[in-house]
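Numbering follows the UniProt record's numbering, with no gaps: position 61 of the sequence shown is 61. Here a beta-carbon is modelled for each residue, glycine too, at the ideal position from N, C-alpha and C. These figures come from a predicted structure and were not determined experimentally. Beneath this line is the structure, given in structure tokens, with notes to follow.
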Amino acid sequence: MTRISRGYIARRRRRKTSLVVSSSGASLSKLITQQEIKALASSDRDRDRQKRDFRCLWITRINSVIREGWVSYSYRYSRLIHDLYKRQLLLNRKMLAQIAIANKNFLYLISNQILKSQVNWKESAGVI
């Protein structure tokens with residue numbers, strides 16, 4: 001049986017996969033295919049990991065600004081988020097982190113207003 005050289009079709013397929021994968025062994029098409037599969041799996045995994053990392057970064061930024069600020073009774077991140085949900089304020093963690101970086105005084109103003117409204121609510125209800 002004679003050998004059939006597949007011509008330009010196989011070359012085009014191998015060249016396409018070698019352009020995707022940055023490897024030096026261009027002649028090793030099996031290795032290039034394996035690297036491409038691994039790269040696609042890693043990108044899919046790390047997309048979820050990136051969301052997790054950014055959320056952690058935002059929480060750290062908010063907590064550090066709140067801790068260094070002039071907020072009464074040692075206000076912390078968890079209490080701030082709890083009070084935001086309780087007051088039904090629509091500020092997510094990304095927005096709060098951007099406010100914390102850009103304008104710390106505005107974040108202090110938000111947290112102090114939450115505390116004042118909390119005190120007024122208790123007084124009006126007759127709890128204190």
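Are the CB atoms of A100 and I62 nearer to each other than 8 Å?
Reading the sequence shown from its first residue, position 100 is the one you call residue 100. Reading the sequence shown from its first residue, position 62 is the one you call residue 62. It is a contact, given that the beta carbons lie within the stated cut-off.
Option in R93, R87 and A102 with minimal Cα separation from Q113:
If you number the sequence shown from 1, residue 113 lands on position 113. Checked all of R93, R87 and A102; the closest Cα to Q113 is R87.
Helix, strand or coil at N103 according to DSSP, with G and I counted as helix:
Position 103 of the sequence shown, counted from the start, is the residue given in the question as residue 103. The answer is coil: DSSP assigns N103 none of H, G, I, E or B.
Taking only the alpha-carbon atoms, compute the straight-line gap between L109 and Q34 and give it to the nearest angstrom.
Within the sequence shown, the letter at position 109 stands for residue 109. Within the sequence shown, the letter at position 34 stands for residue 34. Distance between the alpha carbons of L109 and Q34: 55 Å.
First and last residue of the uninterrupted alpha helix (DSSP H) at R76
Within the sequence shown, residue 76 is the residue found at index 76, counting from 1. No alpha helix (DSSP H) contains R76, which DSSP labels as neither H nor E.
How would you label V65, buried or exposed, when you count the other beta carbons within 10 angstroms and need 16 or more for buried?
Here residue 65 refers to the residue found at position 65 when the sequence shown is read from its first residue. Buried, because 16 or more other Cβ atoms sit within 10 Å of the Cβ of V65.
Would you grab the beta carbon distance between L80 and S111 for me? Rounded to a whole angstrom, and I think it's under 8 Å.
As a first step, residue 80 is located in the sequence shown; it is residue number 80 there, counting from the start. As a first step, residue 111 is located in the sequence shown; it is residue number 111 there, counting from the start. Yes, L80 and S111 are in contact; Cβ-Cβ is about 6 Å, under 8 Å.
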